[in-house]
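Q: Take this structure first; my questions come after.
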Amino acid sequence: MGREILFKAKGGVSGKWVEGLVFNAGNMQYIYTKPKSDGSRQEIYEVDPDTICQYTGLMDKNGKKIWENDILMCHDNPVDLVKAVFGEFNVIEAKSEKVIDSVIGWHYETIPTDALSKCEPFCYSMPLTEDYVKLCEMKAIGNIWDKSEDAKPKETDNIIYHDFMKKGRE
């Protein structure tokens, strides 16, 4: 079974998310949409390069794709938020809580929303795997490039969340 290579980004003109394959032409970046099963034609969109996000290959608890820079809510708790990231992160030995290695790959970073989420070991980055998605009951609620009104958990008006959404784009 192969890994699906897919990207999404905000269309430069519309500001809406488009999915497909990224390519450069000159100094512009574009997404070429994937072929559709209904036979409709593929399209090309100029995109904002800052908003390009790669598909992780994982689905949230509701079957929605998890993308790079997605904000994930864990256990339906609006203050238990993490961000999907690709890059280097530390491997922590559980007993001593010391860094024993570093690896490169998909992981999630805790978004500090309360005192507990700022404390070790709760603030450590962890691998983003199918098992962790299931264990933490992760649900994609938005992306750092979304407007905060679109991405915030519907069941709360969380001031810390709004602050994160502003800082996430800085």
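For the sequence shown, numbering that gives the first Met the number 0 begins at 0 and goes up steadily by one.
Virtual Cβ for every residue (Gly too), placed ideally from N, Cα, C.
1) Around the Cβ of K94, are there at least 16 other Cβ atoms within 10 angstroms (buried) or fewer (exposed)?
2) Run through DSSP, which three-state label would E42 get?
3) DSSP state of V78, grouped into three classes?
4) Any chance the region 133 to 145 sits against the region 62 to 76, with 3 or more Cβ pairs inside 8 Å?
5) Are the CB atoms of G10 and Y54 within a distance shorter than 7 Å?
6) Could you check the C-alpha separation between G104 and V84 for me, to the nearest Å?
7) Counting only runs that start and end within the region 56 to 113, where is the beta strand (DSSP E) found for 3 or more residues in a row?
8) Go ahead and label A8 buried or exposed: buried means 16 or more other beta carbons lie within 10 angstroms of its beta carbon, across all protein chains shown.
9) Considering only residues of the same chain and omitting the five flanking positions on each side of L115, which have a CB-CB separation below 8 Å?
10) Rounded to whole angstroms, what is the Cα-Cα separation between K64 and G25?
11) With a cut-off of 8 Å on the beta carbons, I'd call T32 and V17 a contact; round off their distance for me.
12) Of all the options E42, I51, N61 and L57, which has the alpha carbon lying nearest to the alpha carbon of R2?
13) Could you tell me the distance, in whole angstroms, from the CA atom of E129 to the CA atom of H106?
14) Identify, in the order they occur along the chain, each residue of the same chain with its Cβ nearer than 8 Å to the Cβ of P48, setting aside the five sequence neighbours on each side.
15) Assign N89 to one of two classes, buried (16 or more other C-beta atoms within 10 Å of its C-beta) or exposed (fewer than that).
16) Write down the C-beta distance between E92 and I99 rounded to the nearest angstrom, noting that I regard them as a contact closer than 8 Å.
17) Can you tell me whether V12 is helix, strand or coil according to DSSP?
18) Under the three-state reduction of DSSP, which class applies to P48: helix, strand or coil?
A: Quick answer:
1) exposed
2) Three-state DSSP puts E42 in coil, outside helix and strand.
3) Of the three classes helix, strand and coil, the one that applies to V78 here is coil, per DSSP.
4) yes
5) no
6) Distance between the alpha carbons of G104 and V84 is about 8 Å.
7) The qualifying runs are 64 to 66, 69 to 72, 80 to 91 and 98 to 109.
8) buried
9) F121
10) Computed Cα separation, rounded: 30 Å.
11) Between T32 and V17 the beta-carbon gap is near 7 Å, inside 8 Å, which marks them as a contact.
12) For R2, the nearest C-alpha among the options comes from L57.
13) About 11 Å.
14) A8 and Q28
15) Exposed is the call here.
16) 5 Å
17) Here V12 sits in coil by DSSP.
18) When DSSP states are grouped into helix, strand and coil, P48 belongs to the helix group.
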